[in-house]
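Everything on this sheet refers to the single structure shown next.
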Amino acid sequence: MNTANRIRPLGITIIAVLLGISALAGICGSVFAITASPFEIFRQGFGSAFASGIWGIFGLAIAVAELVLALGLWSLQRWAFWATVVVEVLNMFNSGAGYAAGHGAFQVGCGVHIIPLLILAYLFLDGNVRRAFRT
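Sequential numbering from 18 applies to the sequence shown in the numbering used here.
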């Protein structure tokens with residue numbers, strides 16, 4: 018799809034940059050979790066080390082997906098629009114489940130709900146975004 022004649026809205030630029038930063042931080046944190054997990058065996062046993070390694074791999078996969086998503090948004094790819102919608106809806110469900118389970122403070126739970134909600138509202142309510150992605 019030709020994206021040369023379309024202008025990227027400022028909000029999409031901001032979302033893409035934030036996703037890119039989040040992806041890079043996630044990659045660093047996941048690599049740390051994966052490399053540190055063998056040392057967890059001495060501290061907390063094999064089960065904890067295995068769980069840390071699995072969560073590190075899962076986090077790495079999510080971070081790489083976020084990086085691909087950021088690049089897709091930056092280049093105004095239609096698939097990136099819809100993938101962002103799916104990821105943000107999943108983020109809302111994930112944060113809701115974490116909040117219901119008692120993880121995190123009320124403020125953090127509200128913030129994690131509000132950010133995906135704002136992103137979704139921006140994606141669907143701004144006509145410039147819809148035109149840029151031709152959806």
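Where a beta carbon is used, it is the ideal one built from N, C-alpha and C, also for glycine.
**Request:** Can you give me the Cβ contacts of Ile-29 inside the same chain, cut-off strictly under 7 Å, excluding the 5 residues immediately before and after it?
**Result:** Closer than 7 Å at the Cβ level, and outside the excluded window around Ile-29, lie Leu-90, Val-146, Ala-149.
**Request:** With DSSP collapsed to three states, give me the class of Ile-32.
**Result:** Helix.
**Asked** In terms of residue numbering, what span does the alpha helix (DSSP H) encompassing Asn-145 cover?
**Response** 144-150 is the extent of the alpha helix (DSSP H) around Asn-145.
**Message:** Using only the alpha-carbon positions, how far apart do Gly-37 and Gln-94 sit?
**Reply:** Gly-37 and Gln-94: Cα-Cα distance of roughly 16 Å.
**Message:** If you reduce the DSSP assignment to three classes, tell me which class Arg-23 lands in.
**Reply:** In the three-state reduction of the DSSP assignment, Arg-23 falls in the coil class, being assigned neither a helical nor a strand state.
**Request:** Could you tell me the distance, in whole angstroms, from the CA atom of His-120 to the CA atom of Tyr-139?
**Result:** Confidence at His-120 is low in this model, with a pLDDT of 49, below 50, so the placement of that residue should be treated as unreliable; the coordinate-derived value is given next. Distance from the CA atom of His-120 to the CA atom of Tyr-139, rounded to whole angstroms, is 28 Å.
**Request:** Kindly give me the distance between the Cβ atoms of Ile-131 and Ile-32, rounded to whole angstroms, as I take these residues to be in contact under 8 Å.
**Result:** About 14 Å separates the beta carbon of Ile-131 from that of Ile-32, a gap too long to meet the 8 Å contact definition.
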